[in-house]
Amino acid sequence: MKLSYSFYSLQLIHPFGIAGNTRTHTPIVLVKLAYENFVGYGEASLPPYLKETQETVISFLRKVDLSLFKNPLDIISILTYVDSIEKENTAAKAALDIALHDLIGKILQQPWHQLYHADLRKMPATSITIGIDSIDVVKTKTREAANFDVLKVKLGSRQDKAIIEAIRSVSTKPISVDVNQGWKDKYEALEHIEWLATQNTLFVEQPMPKDRLDEIAWLRENSPLPIIADESIQRFSDIDSVKDLYHGINIKLMKCTGMYEAYQMIKYARALDLKILIGCMNESSCANLAAAQLASFVDWVDLDGPFMISNNPFDDPTLENGKLALTNDFGIGCILKSDIPFQMI
Ligand code: MG
Numbered sequence: 310m311k312l313s314y315s316f317y318s319l320q321l322i323h324p325f326g327i328a329g330n331t332r333t334h335t336p337i338v339l340v341k342l343a344y345e346n347f348v349g350y351g352e353a354s355l356p357p358y359l360k361e362t363q364e365t366v367i368s369f370l371r372k373v374d375l376s377l378f379k380n381p382l383d384i385i386s387i388l389t390y391v392d393s394i395e396k397e398n399t400a401a402k403a404a405l406d407i408a409l410h411d412l413i414g415k416i417l418q419q420p421w422h423q424l425y426h427a428d429l430r431k432m433p434a435t436s437i438t439i440g441i442d443s444i445d446v447v448k449t450k451t452r453e454a455a456n457f458d459v460l461k462v463k464l465g466s467r468q469d470k471a472i473i474e475a476i477r478s479v480s481t482k483p484i485s486v487d488v489n490q491g492w493k494d495k496y497e498a499l500e501h502i503e504w505l506a507t508q509n510t511l512f513v514e515q516p517m518p519k520d521r522l523d524e525i526a527w528l529r530e531n532s533p534l535p536i537i538a539d540e541s542i543q544r545f546s547d548i549d550s551v552k553d554l555y556h557g558i559n560i561k562l563m564k565c566t567g568m569y570e571a572y573q574m575i576k577y578a579r580a581l582d583l584k585i586l587i588g589c590m591n592e593s594s595c596a597n598l599a600a601a602q603l604a605s606f607v608d609w610v611d612l613d614g615p616f617m618i619s620n621n622p623f624d625d626p627t628l629e630n631g632k633l634a635l636t637n638d639f640g641i642g643c644i645l646k647s648d649i650p651f652q653m654i
């Protein structure tokens, strides 16, 4: 197996605001894994508020010695080895995991949703994110989201109520809410949530800072809406520490090292009766379609990455009745648009 990479920058259609920061682009690293005549693609998305950069991804990938493995289908051994190299680097690991899945699907001549025996009719519609912005821009973005059946709204600023009222002035669609740890007081948080419950809201993600364990547990007991952990959970091993604090978890490939661990997390969370959201960072079709292979197993889908960028290096995904349309293309089904230069690691 031969690994190569390409640095790329995803340009956002609208500057993206969440509680804490606003940005116009997101760096990514694309990876290509070649074996005989087959090629698999993977992606590491690197939002600036997280620790990884293009440079840390490459320095991690330089430590990976794939010559130890002769057969790409030896997926558990390969990914266990990759995970053992360093403790962190979850996005770099996800890039390799996605490329390996893509490669294996192509060798086996099957899309991953078939290898998972996923029933695509059960896939929930994906939400599209409305970031924190001026009231006029919030209304414009809501109107632009006409093809989507669910709106994901970023809250945690002083204008929370005004943002929801602006959306409700132009749309009655269900909304999900992501506070990104923005509310600092549990009584204030509960008041917000009780009001949101009257506004056709599905759930509230990460309402308070992740270290406020007692307050989050109190909120879970009192909230009329499901409370979902995002910043509070990264990997499989974190599930036990949040299972009694939240009603559910947000699984993202970039946090949990990729499709293999995400699938294990889904199975365990189901056994614990936790709700499951599958989410994303700013991502191209590559990481997006990789996550979508698993989307039939979850309660809510927030895979809007490629719809928020203007320079997707892969073919754009399509929607059918608000759901991500998965094809029968082998692997994860992402098709590179044009000649992107890849360099050997
Ligand atoms: Mg979130």
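Each residue of the sequence shown is one higher than the one before, starting from 310 at the first, in our numbering.
Ideal placement from N, C-alpha and C gives every residue a C-beta, glycine not left out.
Computed from a prediction, not measured in an experiment: that's the story for all the values here.
Ranked by Cα distance from Glu524, the options Phe545, Asp553, Phe512, Leu505 are led by Asp553.
Restricting attention to Ile476, Pro483, Pro533, the CA atom closest to the CA of Ile502 is found in Pro533. The chain-ordered list of residues whose CB is nearer than 6 Å to some heavy atom of the ligand MG reads Asp487, Asn489, Glu514, Gln515, Asp539, Asn559. In the three-state reduction of the DSSP assignment, Gln652 falls in the strand class. Burial check for Met617: the Cβ neighbour count within 10 Å reaches 16 or more, so the residue is buried.
According to the DSSP assignment, Phe369 belongs to the alpha helix (DSSP H) that extends over 363-370. Taking the Cα positions, Pro650 is about 6 Å away from Ser315. Counting C-beta atoms within 10 angstroms of its own C-beta, Gln652 has fewer than 16 neighbours from the protein chains shown and is therefore classed as exposed. The continuous beta strand (DSSP E) containing Val486 extends over residues 484-487. Note that the C-beta distance between Thr636 and Pro381 is not below 9 Å. Contact between the stretch 556-570 and the stretch 405-415 is present: 3 or more CB-CB pairs across the two stretches fall below 8 Å. Less than 9 Å divides the Cβ of Ser480 from the Cβ of Arg452. Taking a contact as a CB-CB distance under 8 Å, the pair Ser605 and Cys643 does not count as one, their CB atoms being some 18 Å apart.
Between Asn597 and Leu586, the alpha-carbon positions lie close to 14 Å from each other. Between the C-alpha atoms of Met563 and Ala400 there is a straight-line separation of about 5 Å.
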